[in-house]
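Contents: one structure, followed by commentary.
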Amino acid sequence: MEGERSDRAVVGHPVVVTLPRHATTSSTLQPPLWYRYFCIILGTATAISILFTIISVTITEHGRHAPSEFSVTSVLSALPMTDVSASHVRINMNITLSVRNREDDTSLYYDLVHAGLLYKDVFLANTTIDSFYQGKKDITAVEARFWAPAVNVDAWVRHAMAAESSDGAVEFNMVVEATVGLSLGTPTRKLKLVTAMCEGVMVDATTGSMQGEKNKCEPYPDPRAAFLRRLVVIIAASFIIAGTIVFIVWLVLRPRVPEFRVDSVSLSNFNLSSTSSLLTGNWDVKFAVSNPNHKISLYYDHIAASVFYKDESLSETTVAPFDQGTRNQTTVTATFSAAARYVDKKAADSILSDRTSRGSVDFNVRMVARVRLKAGSWQERRRFMRVYCGNLAVGLSSSSVGGTMVGGARECKVGL
Numbered sequence: 001m002e003g004e005r006s007d008r009a010v011v012g013h014p015v016v017v018t019l020p021r022h023a024t025t026s027s028t029l030q031p032p033l034w035y036r037y038f039c040i041i042l043g044t045a046t047a048i049s050i051l052f053t054i055i056s057v058t059i060t061e062h063g064r065h066a067p068s069e070f071s072v073t074s075v076l077s078a079l080p081m082t083d084v085s086a087s088h089v090r091i092n093m094n095i096t097l098s099v100r101n102r103e104d105d106t107s108l109y110y111d112l113v114h115a116g117l118l119y120k121d122v123f124l125a126n127t128t129i130d131s132f133y134q135g136k137k138d139i140t141a142v143e144a145r146f147w148a149p150a151v152n153v154d155a156w157v158r159h160a161m162a163a164e165s166s167d168g169a170v171e172f173n174m175v176v177e178a179t180v181g182l183s184l185g186t187p188t189r190k191l192k193l194v195t196a197m198c199e200g201v202m203v204d205a206t207t208g209s210m211q212g213e214k215n216k217c218e219p220y221p222d223p224r225a226a227f228l229r230r231l232v233v234i235i236a237a238s239f240i241i242a243g244t245i246v247f248i249v250w251l252v253l254r255p256r257v258p259e260f261r262v263d264s265v266s267l268s269n270f271n272l273s274s275t276s277s278l279l280t281g282n283w284d285v286k287f288a289v290s291n292p293n294h295k296i297s298l299y300y301d302h303i304a305a306s307v308f309y310k311d312e313s314l315s316e317t318t319v320a321p322f323d324q325g326t327r328n329q330t331t332v333t334a335t336f337s338a339a340a341r342y343v344d345k346k347a348a349d350s351i352l353s354d355r356t357s358r359g360s361v362d363f364n365v366r367m368v369a370r371v372r373l374k375a376g377s378w379q380e381r382r383r384f385m386r387v388y389c390g391n392l393a394v395g396l397s398s399s400s401v402g403g404t405m406v407g408g409a410r411e412c413k414v415g416l
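Numbering-wise (full-length UniProt numbering), the sequence shown opens with residue 1 and increments by one.
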């Protein structure tokens, strides 16, 4: 009956051929979706890590751009400072600090100023310095008074201090931390934490005064910044190591897309009615399927194929599943059959016009394959592969019912 559709699908049979060792390979396989997502996450994490690193460095270095400059100008200490026979040291020390406002247009108000006295890295005493105000470019002398009648310390500290005393001087360190209000000439007031380390303060063991010239204090890193910096470094290093491992694995496997090529097309029993637009014909399409990978084997579980004229589907079929080892080529034949299949009037007229004017008709073949990719002991991946083979010109004169492909083999486009 006119308009009745009757299509028959014939399954092709693959033939396996081994590729030569030095055969050329196809273009690089697109990374799998998980790999692309991982790269996006890695890039985002790296950007965030860089941002946090900048923040941590800013916090760490904020003291280096502090509005204040501290210097130790004098020391007066009671003697003796240590008693080797006892289990403690006695601290009674006044340290005079010179504080300079480095700002040209900002006044400073020191609200909370704390100072700590250390011997090497051992804490001995702490004190609070009275609040004070500084005008622009002012220099202010303040006094830190440390008093601790009995500080329990390890024996090595007492012996080390006694040894330095016998050499003539004991070296102390002092940490200063201040909350500073910055007045910019308007009601706006900005608070800033200023920290400084005064190292190498030499106290004469005989007179109890400071030896040498005034001791300039250097900006002291904020412990919060050190922790943040370490955390950021650990996170960034973890992502970089993970990304490097994945990238090395990707390079080792070097996956590449399979290569599809149409070697021949034969058309028989072709008939197309100009009045009813019913089409009949049999297409035999022979493909050469190459796996250029050195490490990855391919398993084609299901292949669905269709033959088209432009965008008009003419017939469908399936191809039998087949496997491909590494560096392997397989010949696959797909047979399409259409019996009294209705095609669009515009497509039918175009086919008849091509037969008359050119003596050939261009067909297209599209395939969708479900593929498993296996590389040694690595976890198997499943992908859908799309293949497009276009402009398959078949010689078909207006007086014949069949023909073969002209112009030689055609490379197909492959996408995963």
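C-beta: ideal position from N, C-alpha, C; glycine also.
Query: 6 Å Cβ shell around THR127 - same chain, five flanking residues per side excluded; Result: ALA115, ALA144, ARG145 and PHE146
Query: Run of the alpha helix (DSSP H) containing SER360, from where it starts to where it stops; Result: From DSSP, SER360 is part of no alpha helix (DSSP H) but of the beta strand (DSSP E) over 360–374.
Query: Segment contact flag, the stretch 388–406 with the stretch 265–272, C-beta cutoff 8 Å, min 3 pairs; Result: yes
Query: Length of the line joining the Cα atoms of SER131 and VAL113; Result: 7 Å
Query: Straight-line Cα distance separating ASP349 from ASP362; Result: 14 Å
Query: Local conformation of GLY3 per DSSP, three classes; Result: Its pLDDT being 41, under 50, GLY3 is placed unreliably by the model, and the measurement read from it follows with that caveat. In the structure shown, GLY3 sits in coil (DSSP, three-state: anything other than H, G, I, E or B).
Query: Nearest candidate by alpha-carbon position, reference ASP138, set PHE123, SER107, LYS120 and LEU118; Result: SER107
Query: Rounded separation between SER397 and ARG358 - CA only; Result: 8 Å
Query: For HIS302, the residue or residues it bridges with in DSSP; Result: ARG370
Query: Residue range of the beta strand (DSSP E) that includes LYS413; Result: 413–415
Query: Beta strand (DSSP E) runs wholly inside the stretch 237–266, at least 3 long, in chain order; Result: none
Query: Collapsed DSSP secondary structure at ARG233 in the structure displayed; Result: For the sequence presented, residue 233 should be read as Val rather than Arg. In the structure shown, VAL233 sits in a helix (DSSP, three-state: H, G or I).
Query: Endpoints, the beta strand (DSSP E) within which GLU312 is located; Result: 312–319
Query: Contact set for SER183: own chain, Cβ-Cβ below 8 Å, skip 5 residues either direction; Result: THR106, SER107, LEU108, TYR109 and ARG189
Query: VAL99 beta carbon less than 8 Å from that of MET210; Result: no
Query: First through last residue of the beta strand (DSSP E) which encompasses ARG102; Result: From DSSP, ARG102 is part of no beta strand (DSSP E); its letter is neither H nor E.
Query: Nearest-angstrom Cβ-Cβ length linking GLU312 and VAL343, presumed shorter than 8 Å; Result: 6 Å
Query: Close Cβ partners of ILE351 (< 7 Å) along its chain, the five nearest in sequence each way excluded; Result: LEU272, TYR309 and VAL361
Query: Beta-carbon proximity check, ARG410 vs VAL262, cutoff 8 Å; Result: yes
Query: Closest Cα partner of PRO255 within the set PRO219, ILE296 and LEU79; Result: ILE296
Query: For ASP349, three-class secondary structure by DSSP; Result: helix
Query: Alpha-carbon spacing of VAL249 relative to GLY243, whole angstroms; Result: 10 Å
Query: Three-state secondary structure (DSSP) of VAL153; Result: coil
Query: DSSP bridge partner residues for LEU117 (one or two, in chain order); Result: ALA125 and MET174
Query: Whether residue 426 touches VAL170 by CB criterion (8 Å); Result: Given that the chain is displayed from residue 1 to residue 416, the structure contains no residue 426 and the question cannot be resolved.
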